[in-house]
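Numbering (this note's numbering), first residue to last: 43 to 214. These notes concern the structure reproduced below.
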C-alpha cells in the first residue's frame with residue numbers, strides 16, 4: 043500500500059508460518075522508500091500455539107484517518123472448524139506497532155474501507171461444524187475507534203461464502 047505522506051514509500055504485510063495452518067507464525071511489516079525496489083523489515087511479531095495459544099492468520103493493510111493500520115485475525119488452532127478467531131487492529135506509530143483487539147467476529151478480515159463518514163470491513167465466519175460459511179460486514183461510525191454491528195451479507199446452506207472485499211468506487 044502506498045503512503046499518502048511520503049512520495050516513494052510503500053508498506054507490505056504478510057503472515058509467515060511453519061505451514062498453511064501453522065503452529066508458529068510471525069506478522070511481518072516491511073517498508074520500501076524507493077518505490078518498491080528494496081524492502082526493509084520494520085516489525086515482526088511472533089505468535090505460537092504453544093506459547094500464546096493462538097497464531098496470526100491473514101493480515102491486510104489500510105489507512106484510517108491518514109494513519110497506517112494492519113487488520114489481522116488470529117486463530118486458536120490448526121483445525122479451523124473448531125478454532126476460535128479474534129480480530130486485531132494494529133496501528134503503526136513511529137515504527138512501533140500498537141495492538142488492539144476488536145469485537146469483530148469472524149476470520150480473514152478484508153482491508154478497512156471509508157464510506158460516507160463510516161468505516162467498513164468484510165470478513166466471514168464458520169457458522170457450524172458442517173463448515174457453513176457466512177459473509178459479514180462490520181462497521182465503525184467513530185473513525186475506527188469502536189466497531190459496532192456486524193451484518194450478515196450472504197448466507198445459504200447450499201453455498202459457501204468466503205473472503206469478500208469492499209471497494210468504495212468513489213475513491214478510484
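We put the CB at the ideal spot given by N, CA and C, even for glycine.
- [ ] Assuming residue 87 and residue 139 form a contact by the criterion Cβ under 8 Å, report the distance between their Cβ atoms to the nearest whole angstrom.
- [x] Along the chain shown, read from residue 1 onward, the residue named residue 87 stands at position 45. Along the chain shown, read from residue 1 onward, the residue named residue 139 stands at position 97. That belief holds up - the Cβ atoms of residue 87 and residue 139 are roughly 7 Å apart, short of 8 Å.
Task: Burial state of residue 194 (16 or more Cβ within 10 Å) - done: The count along the chain shown starts at 1 and reaches residue 194 at position 152. It counts as exposed.
Task: Cβ-Cβ distance between residue 131 and residue 144 below 8 Å - done: Along the chain shown, one-based indexing puts residue 131 at 89. Along the chain shown, one-based indexing puts residue 144 at 102. In this structure, residue 144 lies closer than 8 Å to residue 131 by Cβ.
- [ ] Go through its chain and collect everything with a Cβ distance to residue 106's Cβ below 8 Å, but skip five positions before and after it.
- [x] By 1-based counting over the chain shown, the position of residue 106 is 64. If we look at residue 106 and ignore the five residues flanking it on each side, its Cβ neighbours are 154, 156, 161, 185, 186.
Task: Any beta strand (DSSP E) of 3 or more consecutive residues that is wholly inside the segment 60-122 - done: 66-74, 82-90, 97-106, 109-117
- [ ] Put residue 149 into one of helix, strand or coil per three-state DSSP.
- [x] The count along the chain shown starts at 1 and reaches residue 149 at position 107. Correct three-state label for residue 149: strand.
TODO: May I ask which residues mark the beginning and end of the beta strand (DSSP E) holding residue 181?
DONE: Locating residue 181 in the chain shown gives position 139, counting from the first residue. Looking at the DSSP string, the run of the beta strand (DSSP E) that includes residue 181 is 175-182.
TODO: Within 10 angstroms of the Cβ of residue 65, are there 16 or more other Cβ atoms? Answer buried if so, exposed if not.
DONE: Counting from one through the chain shown, the residue named residue 65 turns up at place 23. When all chains shown are included, residue 65 counts as exposed.
TODO: Report the rounded CA-to-CA distance for residue 35 versus residue 79, giving the unit in angstroms.
DONE: It is not possible to answer for residue 35, since the shown part of the chain is limited to 43 through 214.
Task: residue 165 - containing beta strand (DSSP E), residue span - done: In the chain shown, residue 165 corresponds to position 123, counting from 1. Counting along the chain, the beta strand (DSSP E) containing residue 165 begins and ends at 160-168.
Task: Opening and closing residue of the beta strand (DSSP E) in which residue 129 lies - done: Your numbering for residue 129 matches position 87 in the chain shown. Residue 129 -> beta strand (DSSP E) spans 127-135.
Open item on the list: Nearest by alpha-carbon distance to residue 95: which of 135, 77, 118 is it?
Closed with: Position 53 of the chain shown holds residue 95. Comparing Cα-Cα distances from residue 95 to each of 135, 77, 118, the minimum goes to 118.
- [ ] Let me know if residue 59 comes out buried or exposed under the rule of 16 or more other beta-carbons within 10 Å of its beta-carbon.
- [x] Along the chain shown, read from residue 1 onward, the residue named residue 59 stands at position 17. Buried.
TODO: Check whether the Cβ atoms of residue 92 and residue 50 lie closer than 8 Å to each other.
DONE: Walking along the chain shown from the start, residue 92 turns up at place 50. Walking along the chain shown from the start, residue 50 turns up at place 8. Cβ distance not < 8 Å, so residue 92 and residue 50 don't count as in contact.
TODO: Would you tell me roughly how many angstroms separate the C-alpha atoms of residue 199 and residue 150, rounded to the nearest one?
DONE: Position 157 of the chain shown holds residue 199. Position 108 of the chain shown holds residue 150. So the alpha carbons of these two residues sit roughly 20 Å apart.
Task: Run of the beta strand (DSSP E) containing residue 155, from where it starts to where it stops - done: Stepping through the chain shown from its first residue, residue 155 is reached at position 113. Residue 155 -> beta strand (DSSP E) spans 155-157.
- [ ] May I have the straight-line CA-CA distance separating residue 115 from residue 101, to the nearest angstrom?
- [x] Your numbering for residue 115 matches position 73 in the chain shown. Your numbering for residue 101 matches position 59 in the chain shown. Using only the alpha carbons, I get a separation of about 7 Å.
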